[in-house]
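Have a look at the structure below, then the notes.
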Amino acid sequence: MMFVKSIMKPPHECLTAQIGEDLKSVISILEHHDIQAVPVLDGSFFIGMLSKEIIYKRYFESNQPKDVYLSEFSAGDLVEKEDL
Numbered sequence: 012m013m014f015v016k017s018i019m020k021p022p023h024e025c026l027t028a029q030i031g032e033d034l035k036s037v038i039s040i041l042e043h044h045d046i047q048a049v050p051v052l053d054g055s056f057f058i059g060m061l062s063k064e065i066i067y068k069r070y071f072e073s074n075q076p077k078d079v080y081l082s083e084f085s086a087g088d089l090v091e092k093e094d095l
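Each number in the numbering used here corresponds to the 1-based position in the sequence shown with 11 added.
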């Protein structure tokens, strides 16, 4: 019998963003690893998911200059907290 635990990556090997991490850093992670979304954590607790789509959508709704938006807003400001 095979357990899910046997194929899961340990937490320190997973790509995540912290709740206070600025959006510039989150976009960098997404682009560098060619992924669409990351889990957002508060320490070691899962808060929700943050995707490129959410970041870009909220950017266009914000009417902020790109540099201001990416540095002033954090992953926690945009994280989707809906049940997965």
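Glycine included, C-beta positions come from ideal geometry on N, C-alpha and C.
Bear in mind that the values here come from a model prediction, so they are computed numbers and not experimental data.
query                                                                                                                                       : result
ILE66 to ILE18, Cα distance in whole Å?                                                                                                     : 31 Å
Leaving out five residues before and five after LEU81 in sequence, what residues of the same chain have Cβ atoms less than 6 Å from its Cβ? : LEU34, LYS35
Which class does LEU26 belong to by DSSP, given the choice of helix, strand or coil?                                                        : coil
How close, in whole Å, do the beta carbons of GLY31 and SER85 come, if the pair is a contact with beta carbons under 8 Å?                   : 5 Å
If you compare alpha carbons, which of GLN75, PRO50, VAL79, GLY54 is closest to CYS25?                                                      : PRO50
Please name the residue in HIS23, GLU91, VAL90 whose C-alpha comes closest to that of SER55.                                                : HIS23
I'd like to check one pair, GLY59 with GLU83: are the Cβ atoms closer than 8 Å?                                                             : no
Put SER55 into one of helix, strand or coil per three-state DSSP.                                                                           : coil
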